[in-house]
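Worksheet for the structure shown next.
Listed below in structure tokens is the structure:
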């Protein structure tokens with residue numbers, strides 16, 4: 009049995025057509041991600057075990073699994089926050105050449121600076137080498153993208169939880185990343201705000217064309233947002249499942265519910281696999 013089993017709903021999916029339908033927006037700087045034999049150990053604890061994955065540029069991938077399965081560790085390695093113990097990780101541009109990912113991350117907590125305005129928090133995402141007027145124009149543009157233009161001059165304390173998370177998203181997007189890592193960014197939001205943020209995430213991904221890697225415990229969220237869902241189990245890829253349905257994907261759709269069931273069975277070990 010291979011380490012990565014490419015599962016397909018209802019037998020087969022034409023992968024070439026699927027990938028063509030999920031390319032980044034024109035002019036996007038999305039980066040493809042390749043992992044070969046990736047390992048990570050902390051002392052004697054092997055957290056990641058021989059991860060082999062290829063994520064095409066512009067794809068939206070969700071990574072799910074039980075707590076402690078290695079999801080967040082994988083994301084930290086993608087971001088360069090941790091080094092792998094063994095294996096390879098590299099990013100490629102649209103021509104197949106090695107590229108800088110310009111990767112950014114959004115965490116579960118917004119991590120905004122309370123003494124800065126909303127716009128200035130977004131400007132932080134550009135670093136300190138950008139002209140002040142240019143930086144403010146870029147911040148205003150991305151705040152419009154996340155529907156917060158009217159909040160630019162306010163303080164983080166004046167915003168709702170969902171609005172603060174949109175500011176965090178804007179801060180990550182302002183530098184036009186090739187890869188956006190999402191570490192359970194919607195986990196602390198109420199149900200209705202969460203659905204609204206899911207729709208916003210999908211829209212900006214389609215419009216801006218970055219490669220997205222989402223870590224989540226929410227199987228429904230993974231199925232509704234992603235092109236593809238990876239299940240990790242004890243540091244290994246247990247399932248690699250394409251989601252071959254167009255957007256918008258409606259909650260309560262029976263076909264999506266069936267996919268959610270397959271993913272839950274894989275996570276819980278009730279799918280009958282040996």
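Numbering (my numbering), first residue to last: 9 to 282. Beta carbons: idealized from backbone N, C-alpha and C, even for Gly. Source: prediction; values computed, not measured.
Going by beta carbons, residue 99 and residue 41 fall inside the 9 angstroms limit. Here the alpha carbon of residue 225 sits roughly 7 angstroms from the alpha carbon of residue 73.
Cβ contact annotation for residue 210 (same chain, cutoff 7 angstroms, sequence separation greater than five): 233 and 255, in chain order. Residues of the same chain with their beta carbon placed closer than 6 angstroms to that of residue 207 are lacking, with the five preceding and five following residues left out of the count. Residue burial is scored here from C-beta neighbours: residue 67 has at least 16 other C-beta atoms within 10 angstroms and is therefore classed as buried.
A residue is called buried when at least 16 other Cβ atoms come within 10 angstroms of its Cβ; residue 53 does not meet this threshold and is exposed.
Using a 10 angstroms sphere on the CB of residue 171, the tally of other CB atoms reaches 16 or more, which defines it as buried. By the Cβ neighbour-count rule, residue 213 is buried, with 16 or more other Cβ atoms within 10 Å of its own. In the three-state reduction of the DSSP assignment, residue 257 falls in the coil class. Residue burial is scored here from C-beta neighbours: residue 191 has at least 16 other C-beta atoms within 10 angstroms and is therefore classed as buried. Take the alpha-carbon of residue 71 and the one of residue 152: they are about 29 angstroms apart. Secondary structure at residue 103: coil, using DSSP grouped into helix, strand and coil.
For residue 219, the closest C-alpha among the options 155, 50, 64 and 57 is that of 64.
In this structure, residue 127 and residue 154 do not form a Cβ contact; the two beta carbons are roughly 12 angstroms apart against a cut-off of 8 angstroms. In chain order, 279 place their CB closer than 7 angstroms to the CB of residue 273, counting only its own chain and leaving out the 5 sequence neighbours on each side. Taken through DSSP and simplified to helix, strand or coil, residue 197 comes out as coil.
Within the same chain, and ignoring the five residues on either side of residue 80 in sequence, the residues whose Cβ sits closer than 7 angstroms to its Cβ are 191 and 223. By the criterion of a C-beta distance shorter than 6 angstroms, residue 236 is surrounded in its chain by 69 and 250, once the five residues flanking it on both sides are discounted. By a beta-carbon distance limit of 8 angstroms, residue 167 does not contact residue 180. Their separation comes to about 17 angstroms. Looking at the DSSP output, residue 115 shares a beta bridge with no other residue.
Taking the CA atoms as reference points, residue 90 sits about 25 angstroms from residue 129.
Per the C-alpha coordinates, the member of 229, 78 and 105 positioned closest to residue 271 is 229.
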